[in-house]
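All remarks here apply to the structure that follows.
There are 2 protein chains.
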Amino acid sequence: MSAQKPSIPQGTRDFGPAVVARRNYIFGVIRRVFEKFGYAPLETPTLENLSVLTGKYGEEGNQLIFKVLNSGNFLKKQKGDVVKEEVTPEDLIAGTRAVLPKIAEKGLRYDLTVPFARYVVMNRGTLTFPFKRYQIQPVWRADRPARGRYREFYQCDADVVGTDSLLCEAEIVLMMSEVLTTLGLTDHTIKINHRRVLGAFYQALGGEGTEIDLFTAIDKLDKIGREGVEKELLERGFSAAAAERLFDLLSVEGDFEEKLERLLAGFVTAGVAPDNATADGYKGLQDLQQVLAYLRGFGFDKWQNLEFDVTLARGLSYYTGCIFEIKINNVNMGSVSGGGRYDNLTGAFGLPGVSGVGFSFGVDRLYDCLEDLQLFPEAVATTTRCLLTNFDAESELAMLPVLRQLRAAGVASELFPEAGKLGKQFKFADAKGIPYVLIQGPEERAAGQFKLKTLATGQEQVVTLEEAITELTK
Amino acid sequence: MSAQKPSIPQGTRDFGPAVVARRNYIFGVIRRVFEKFGYAPLETPTLENLSVLTGKYGEEGNQLIFKVLNSGNFLKKQKGDVVKEEVTPEDLIAGTRAVLPKIAEKGLRYDLTVPFARYVVMNRGTLTFPFKRYQIQPVWRADRPARGRYREFYQCDADVVGTDSLLCEAEIVLMMSEVLTTLGLTDHTIKINHRRVLGAFYQALGGEGTEIDLFTAIDKLDKIGREGVEKELLERGFSAAAAERLFDLLSVEGDFEEKLERLLAGFVTAGVAPDNATADGYKGLQDLQQVLAYLRGFGFDKWQNLEFDVTLARGLSYYTGCIFEIKINNVNMGSVSGGGRYDNLTGAFGLPGVSGVGFSFGVDRLYDCLEDLQLFPEAVATTTRCLLTNFDAESELAMLPVLRQLRAAGVASELFPEAGKLGKQFKFADAKGIPYVLIQGPEERAAGQFKLKTLATGQEQVVTLEEAITELTK
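Top line first, the protein sequences correspond to chains L and H.
Each residue of the first sequence is one higher than the one before, counting from 1 in my numbering.
Each residue of the second sequence is one higher than the one before, counting from 475 in my numbering.
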């Protein structure tokens, strides 16, 4: 076997011990909050049938799914495979589109929502509804790698399906708030809006253009400003009068409650909307009022972090109710979380009418925020707490029962595996970020004592084993 | 989008909440033991370059690697990809072998050892040696699915590289023992042997056949017995006299120490081995003696669970020192763990001479053992501890501060999200395995009290919120 210079694929990453520990800290905070709210863990396979994935993410999404070659001789007919047709030379010459369905039947998980919908449909007979699940797993996208954009990354989703109760929306706000507060990301804004409110805007404009065009344009307000959005609306077939009417509605000001009341009045006085659209908008505003009432009932007290943002649109087309997005204000970073209610998640798999609401945290972005703001607790960085030094064969043997007792007390510890110079062993502890070194030379051994050195301060104290354990388990 | 009946690929699994909780229990036990011994977590990407994977697992292994199609138009030249050659119609007609390297450059992680070796080589400049890492991640093999054989399954590896110290081998025995004991799998046997001892056997037979043929035959002793192994040895070019000599050596009896001494004597008196082979076998036996000495130093007291098994061979060709395997005795199941020392893990990636030792737990088999023996703790099965009932809009609102206080006390709890009949809500709690239900009707609300019902016993007690929290946090 000739030696080769190894590498990893573009857009993928190795996570060394310090990074894994920090990522696990984030996962742990999220997991504990999810579980405290009654969400239970689900894990789905990395490999999904392409028949499940294809057509769920739009044309662009289809292209970005990683496809896995059928095993064995993938150009020949596969016994027991879904696609049994043999690949012909003509297919191959015809190119990708003709060949693909015949040589690849599986793909890598692209998000956690579609596998969740598939799971609910396949297990509807045995699941207890409302079904609350969370899922923390990697997904893969054949996107062009860029700064902050990876081909393999984790999503942390929580969804509840099988209930229309707006209690779920209120609890999502609570969960978002608790995760961010626990992580120390206190300067955040949880934006909330409702698809029906956006729908009422569309109706109020008099039925020009398309709803999705309107949402897409509004979604860009942050980036391109009012003028840019107006220009885009005109290009997409809206009139100048409609654009003006839209900005009258969007310009509503005040706190959450004031905005709700002013919009309710605005829909009435606008006078341009057909009755059903106004009713639709009313339903959206009433939903938001109910969410507010639940939050008050919970004693929610972070109102400065919650914003009714009528310009929030969210890209995904399947949302039908409340929508959410989180921005960390003191870091230059896109949204770290988003979600919303959907009415027909499982329709594509033959189970219509399953309403649910869910949201997702982006762990890579949270990680970058915590790093930028230096919010990782120091204790997260290391695993081993104490290194025992190894002078010679005799001291090595004498340290073994000490090591056993430290570990029995729950202290992650290791004995340097080779006898030798102390300097090298201190350097080892330092490089690994091990905070304590326990030393026993012949003199200390005779006295039944140890030196416990704190590497950060260089401070040494003479201690018994019991005292060392007390110090190390503090 | 037409409705379809969804499915998951053969050999893959969804893990619902109860199973995830039980699997996480196993992972948690393993992780805590690994960390207590100073091993730190590493995670490598799911996708590896095929150039890294190919040729590391033998010809059969090459076939079993899942290959991922290049993204975009995979039949056309890819900018920035490693393989830039365009696929021609002739290539396609020529079939799999000619096309594969051009249309797929990435594969799914096949084990955790090769990615670990790659990581060590890529990061040798910054790592601190000896480097102890553990890795708990899924791997994928395009094997024919069967009972207990999956295409996606988890491995839990711990390895230390950059030291020859046999302290590591002794600590592996301790870690194996602690994991199994913590899981309640007390009736187990940790088998240990040494490749050099096996090598000395081979030399002692007079240089007939090949070493790997001998190891393969010995490995089958459990399954095909002495006669079967003798037959196989004759077929593989060994003489009947050599086979008899082998069984004289293999028949050594006694406890660990007695076997060591008798083998040492046996190698001397066999008189048939060339000097260097005897020395080789001596080195192996001396290594095992040193491991024993370390274990005694640690106060290891599970000698009945440790066996010097001279017939243990382990399939993998890269082992060069001590080898390990674990069998659970009171369950009908293959080995749940194995490992050994290797001298040249990173040679294939251009970094020779890195010695290390490691082992791996098979989580699926451990899971089946715990299930067969009913060893999963009951508390592992559920997440939500308490369901709050929802009578009507008024009681729903009144329950919100209660829910907040329960969660603040760390009690995973949920309010049934829809007002309605209590019977349905009790059924929900029962189906989800929620152990407690907290009820507050108008009467209890007036008195500032609750009914706390234990579902398993049907017992109800009238309590204050403080009393409920005390009971629920027990």
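Quick reminder that beta carbons are idealized off the backbone N, C-alpha and C, glycines included.
Local Cβ density within 10 Å of residue i, reported as buried at 16 or more and exposed below that
i, result
"proline 483 (chain H)", "buried"
"tryptophan 614 (chain H)", "buried"
"glutamate 244 (chain L)", "exposed"
"glycine 362 (chain L)", "buried"
"glutamate 534 (chain H)", "exposed"
"glutamate 325 (chain L)", "buried"
"glutamate 600 (chain H)", "Residue identity check: residue 600 (chain H) is threonine in the sequence provided, not glutamate. Counting Cβ neighbours within 10 Å, threonine 600 (chain H) comes out exposed, since fewer than 16 surround it."
"threonine 346 (chain L)", "buried"
"arginine 881 (chain H)", "buried"
"alanine 456 (chain L)", "exposed"
"lysine 106 (chain L)", "buried"
"glycine 636 (chain H)", "buried"
"glutamine 304 (chain L)", "exposed"
"alanine 142 (chain L)", "buried"
DSSP beta-bridge partners of residue i
i, result
"aspartate 368 (chain L)", "Its beta-bridge partners do not exist; DSSP assigns none."
"tryptophan 140 (chain L)", "L:Glu152"
"glutamate 799 (chain H)", "H:Lys665 and H:Gly812"
"phenylalanine 605 (chain H)", "H:Val635"
"glutamine 461 (chain L)", "L:Leu452"
"glutamate 43 (chain L)", "H:Phe489"
"alanine 146 (chain L)", "L:Arg149"
For residue j and residue i, the rounded distance between their alpha carbons
i, j, result
"cysteine 322 (chain L)", "glycine 199 (chain L)", "12 angstroms"
"proline 145 (chain L)", "valine 68 (chain L)", "20 angstroms"
"arginine 23 (chain L)", "tyrosine 367 (chain L)", "7 angstroms"
"glutamate 704 (chain H)", "glutamate 731 (chain H)", "28 angstroms"
"phenylalanine 267 (chain L)", "arginine 13 (chain L)", "50 angstroms"
"leucine 250 (chain L)", "valine 310 (chain L)", "6 angstroms"
"alanine 313 (chain L)", "glutamine 537 (chain H)", "47 angstroms"
"glycine 281 (chain L)", "threonine 181 (chain L)", "33 angstroms"
"histidine 668 (chain H)", "leucine 422 (chain L)", "32 angstroms"
"glycine 339 (chain L)", "phenylalanine 782 (chain H)", "58 angstroms"
"tyrosine 202 (chain L)", "arginine 262 (chain L)", "17 angstroms"
"serine 481 (chain H)", "methionine 122 (chain L)", "7 angstroms"
"glycine 297 (chain L)", "leucine 871 (chain H)", "6 angstroms"
"lysine 259 (chain L)", "alanine 495 (chain H)", "44 angstroms"
"proline 604 (chain H)", "phenylalanine 823 (chain H)", "19 angstroms"
"threonine 794 (chain H)", "arginine 109 (chain L)", "39 angstroms"
"valine 937 (chain H)", "glutamate 945 (chain H)", "10 angstroms"
Chain H residues whose Cβ lies nearer than 9 angstroms to that of residue i
i, result
"phenylalanine 305 (chain L)", "Strictly speaking, residue 305 (chain L) in this sequence is asparagine, with phenylalanine absent from that position. The contacting residues do not exist; asparagine 305 (chain L) stays about 17 angstroms from chain H at best."
"aspartate 14 (chain L)", "Leu516, Glu517, Thr518, Pro519, Pro589, Arg592, Tyr593, Met596 and Asn597"
"phenylalanine 376 (chain L)", "Chain H residues near phenylalanine 376 (chain L): none, gap ~15 angstroms exceeds 9 angstroms."
Bounding residues of the alpha helix (DSSP H) (the contiguous stretch that carries residue i)
i, result
"glycine 61 (chain L)", "58-64"
"leucine 375 (chain L)", "First-last for leucine 375 (chain L): undefined, no H or E at that position."
"serine 651 (chain H)", "641-657"
"leucine 679 (chain H)", "Note, leucine 679 (chain H): premise wrong, no alpha helix (DSSP H); not H, not E."
"valine 726 (chain H)", "It is not in any alpha helix (DSSP H) - valine 726 (chain H) carries neither H nor E in the DSSP assignment."
Per-residue contacts from residue i into chain L (C-beta, under 7 angstroms)
i, result
"proline 480 (chain H)", "Val52, Arg118, Val121, Met122 and Phe349"
"threonine 637 (chain H)", "Pro417 and Glu418"
"cysteine 642 (chain H)", "Pro417"
"threonine 858 (chain H)", "Gly38"
"alanine 616 (chain H)", "Ser71"
Per-residue contacts from residue i into chain L (C-beta, under 8 angstroms)
i, result
"leucine 874 (chain H)", "Tyr294, Gly297, Phe298 and Gly299"
"proline 491 (chain H)", "Ala40, Pro41, Leu42 and Arg133"
heavy atom of the ligand GDP below 7 angstroms from residue i C-beta
i, result
"phenylalanine 741 (chain H)", "For the structure depicted, the ligand GDP is absent and the ligand set is empty, with no information on it obtainable."
Continuous beta strand (DSSP E) stretch holding residue i: start and end
i, result
"isoleucine 439 (chain L)", "436-439"
"alanine 578 (chain H)", "578-582"
"glycine 832 (chain H)", "830-836"
"valine 24 (chain L)", "Residue 24 (chain L) is actually asparagine in this sequence, not valine. Premise fails: asparagine 24 (chain L) lies in the alpha helix (DSSP H), 17-36, not in any beta strand (DSSP E)."
"glutamate 48 (chain L)", "47-49"
"phenylalanine 782 (chain H)", "780-782"
"glutamate 888 (chain H)", "887-889"
Per-residue contacts from residue i into chain L (C-beta, under 9 angstroms)
i, result
"arginine 719 (chain H)", "None at all; the shortest Cβ gap to chain L is about 34 angstroms."
"phenylalanine 540 (chain H)", "Leu47, Val68, Leu69, Ser71 and Lys106"
Test: residue i CB closer than 8 angstroms to a CB of chain C
i, result
"proline 483 (chain H)", "Structure shown: chain C not included; protein chains present are L and H."
Within chain H, the residues that residue i reaches when beta carbons sit closer than 7 angstroms
i, result
"glutamate 152 (chain L)", "Pro519, Thr520 and Leu521"
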